[in-house]
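Residue numbers (my numbering): 7 to 168.
Encoded structure:
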């Protein structure tokens, strides 16, 4: 019997499929980065919505993400396994909420900033990552990283004149 938590995933299970970012989190290397990359095509679809609906969609994705991540984490018997990347999807979409247009400059800057905050985990992200359990714990650090990246993106984007 395998001890690899990934072996407990079933891609036919919709919770697992979403939690792994449609399989992007199963990448052998840098699954969080691969998950964030996989969030870009869905961002391009979400960005077509009016701003208010974009925010509603991201809020719903975050709230449902708590359940998605909780169920998958329990099924894998590991808290916040690297293959769970739905939180990266939501964090990136939060980051991109301030982008006034869909352009490669905004997307690249948002991607870099979100990955920076998600990997570095400055306080209070690091505290939340270590002290909050369950699906909410999996989601909250990336949500906060998304907000920090969003604020940074707004300043950088407007300062550089994207």
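A virtual CB, placed ideally from N, CA and C, is assigned to each residue, including glycine.
Quick one: what does DSSP say residue 17 is sitting in, helix, strand or coil? Residue state, collapsed to three classes: coil.
Could you check which residue in 135, 168, 26 has the C-alpha nearest to that of residue 104? Ranking 135, 168, 26 by Cα distance to residue 104 puts 168 first.
Neighbourhood of residue 75 by C-beta, 7 Å cutoff - its chain only, sequence neighbours within 5 removed: 25, 90, 92, 93, 141, 144, 145
Does the segment 100-119 come close enough to the segment 154-162 to have 3 or more Cβ pairs within less than 8 Å? yes
With DSSP as the reference, label residue 168 as helix, strand or coil. coil
Would you mind reading off the limits of the alpha helix (DSSP H) that contains residue 79? 57-82
Would you give the residue range spanned by the alpha helix (DSSP H) that residue 96 belongs to? 92-101
Just to confirm, is the Cβ distance from residue 68 to residue 96 under 8 Å? yes
Pair within 8 Å by beta-carbon distance, residue 17 and residue 31: Cβ atoms of residue 17 and residue 31: not closer than 8 Å.
Kindly indicate which three-state DSSP category residue 30 falls into: helix, strand or coil? The three-state secondary structure of residue 30, taken from DSSP, is helix.
How big is the Cα-Cα spacing for residue 129 and residue 43? 25 Å
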